[in-house]
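*Asks:*
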Amino acid sequence: GESVGLHLPTLSVQEGDNSIINCAYSNSASDYFIWYKQESGKGPQFIIDIRSNMDKRQGQRVTVLLNKTVKHLSLQIAATQPGDSAVYFCAEGDDYKLSFGAGTTVTVRA
Amino acid sequence: GAVVSQHPSWVICKSGTSVKIECRSLDFQATTMFWYRQFPKQSLMLMATSNEGSKATYEQGVEKDKFLINHASLTLSTLTVTSAHPEDSSFYICSAYGGLGRETQYFGPGTRLLVL
Chain A
5 GESVGLHLPT LSVQEGDNSI INCAYSNSAS DYFIWYKQES GKGPQFIIDI RSNMDKRQGQ
65 RVTVLLNKTV KHLSLQIAAT QPGDSAVYFC AEGDDYKLSF GAGTTVTVRA
Chain B
183 GAVVSQHPSW VICKSGTSVK IECRSLDFQA TTMFWYRQFP KQSLMLMATS NEGSKATYEQ
243 GVEKDKFLIN HASLTLSTLT VTSAHPEDSS FYICSAYGGL GRETQYFGPG TRLLVL
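Line by line, the protein sequences give chains A and B.
So in the working numbering, the last one in the first sequence is 114, and the numbering has no gaps at all.
So in the working numbering, the last one in the second sequence is 298, and the numbering has no gaps at all.
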């Protein structure tokens, strides 16, 4: 089946800098995209979502960008903090069923 | 709102025994629940989709007789790993889909299973 993938498996960021995590998806029929954060030993935590009729959505310190032309999704985290260190997954599909990418491990340097 | 719990949070069992994991939606009714498995440093892999009152739909390659799913109410789904073996050791995560008004999946904290 079609799947979602991430460009880079790891990302190291200086505390206070902005982080950008990228994701490429292959199913052009997907209409819903979500970013999750997963800390070690815990379940995924919802960060932000976006539907295919939008190209940008902002939350608290986070922004998701969707480029349907090239099937690319990104998560921007402003002023990265030590608590942002985790594995970040993008997922695509519809509300009912999701397909997860491989994950990017973000490490925040003090 | 939209809290999902799992019990137990971790379990160690002997090879050949069966283990039941519960998934509950605490503050909403979940029309659908999902069960995922996650191996170390890997992504979440969907095992099955569970609708209240009906049989679960299993993903390709997942043995339905090995992983029994019961979704008896709108707030509870259970996953039973039957005759567990060491290769079944994994992190099992459930999610609940709330439908109208809660149109996304909310994840539980996961259950760590170690089969000796």
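Every residue, glycine too, gets a C-beta built ideally from N, C-alpha and C.
Decide yes or no for the touch test of the segment 288-295 of chain B against the segment 236-243 of chain B: beta carbon pairs closer than 8 Å, at least 3 of them.
*Replies:* no
*Asks:* Could you spell out the range, first to last residue, of the beta strand (DSSP E) harbouring A/Asp53?
*Replies:* Gln49 to Arg55
*Asks:* As a quick exercise: from B/Glu234, B/Thr262 and B/Pro268, pick the residue whose alpha carbon is nearest that of B/Gln188.
*Replies:* B/Thr262
*Asks:* Compute the distance between the beta-carbons of A/Trp39 and A/Ala82, then report whether it is under 9 Å.
*Replies:* It is not a contact, given that the beta carbons lie outside the stated cut-off.
*Asks:* List the endpoints of the continuous beta strand (DSSP E) containing A/Val115.
*Replies:* In this structure chain A extends from 5 to 114, so residue 115 of chain A is not present and cannot be described.
*Asks:* Quick check: the Cα distance between B/Val193 and B/His267, rounded to an integer number of angstroms?
*Replies:* 13 Å
*Asks:* From A/Glu6 to B/Thr199, what distance separates their C-alpha atoms?
*Replies:* Note that A/Glu6 scores a pLDDT of 36, beneath 50, so its modelled location is shaky; the value from the coordinates is reported in the next line. Their Cα atoms are separated by approximately 35 Å.
*Asks:* Between the Cα of B/Asp270 and those of B/Val186, B/Phe216 and B/Gln220, spot the shortest distance and give me the residue it belongs to.
*Replies:* B/Gln220
*Asks:* Assuming contact is defined by CB atoms lying nearer than 9 Å, are B/Ala212 and B/Thr257 in contact in what I supplied?
*Replies:* yes
*Asks:* Cβ of B/Tyr240 less than 9 Å from any chain A Cβ?
*Replies:* no
*Asks:* Can you name the start and end residues of the beta strand (DSSP E) that B/Ala230 belongs to?
*Replies:* Met227 to Asn233
*Asks:* For B/Ser191, tell me which candidate among A/Asp35, A/Gly45 and A/Lys41 has the shortest Cα-Cα distance.
*Replies:* A/Gly45
*Asks:* For B/Glu234, I'd like the list of residues in its chain whose CB is within less than 6 Å of its CB, leaving aside the five on either flank, ordered along the chain.
*Replies:* His253 and Leu256
*Asks:* B/Met215 lies in the beta strand (DSSP E); which residues open and close that run?
*Replies:* Looking at the DSSP string, the run of the beta strand (DSSP E) that includes B/Met215 is Thr214 to Gln220.
*Asks:* Against A/Phe93, what residues of chain B qualify as contacts under a CB-to-CB distance less than 9 Å, listed in chain order?
*Replies:* Ser225 and Leu226
*Asks:* Apart from the five residues just before and just after A/Ile54, which ones in its own chain have a Cβ nearer than 7 Å to its Cβ?
*Replies:* Phe37, Arg61, Val68 and Leu70
*Asks:* Would you report the Cα separation of B/Val185 and B/Cys195, rounded to the nearest angstrom?
*Replies:* 28 Å
*Asks:* What does DSSP give as the partner residue(s) for B/Val244 in the beta ladder?
*Replies:* B/Val244 pairs with nothing; no bridge assigned.
*Asks:* Interface residues of chain B around A/Phe104 at Cβ under 7 Å?
*Replies:* Those within 7 Å of A/Phe104 in chain B are Ser225 and Leu226.
*Asks:* What distance in whole Å lies between the Cβ atoms of A/Gln80 and A/Ser16, which are believed to be in contact at a cut-off of 8 Å?
*Replies:* About 16 Å separates the Cβ atoms of A/Ser16 and A/Gln80, ruling out a contact at the 8 Å cut-off.
*Asks:* Which chain B residues sit within Cβ distance under 7 Å of A/Tyr29?
*Replies:* Going along chain B, no residue has its Cβ under 7 Å from A/Tyr29, so there is no contact; the nearest lies around 13 Å.
*Asks:* What are the boundary residues of the beta strand (DSSP E) that A/Gln42 is part of?
*Replies:* Bounds of the beta strand (DSSP E) holding A/Gln42 are Tyr36 to Gln42.
*Asks:* When you compare the CB positions of B/Ser232 and B/Ile203, do they come within less than 9 Å of one another, or not?
*Replies:* Contact flag unset, no.
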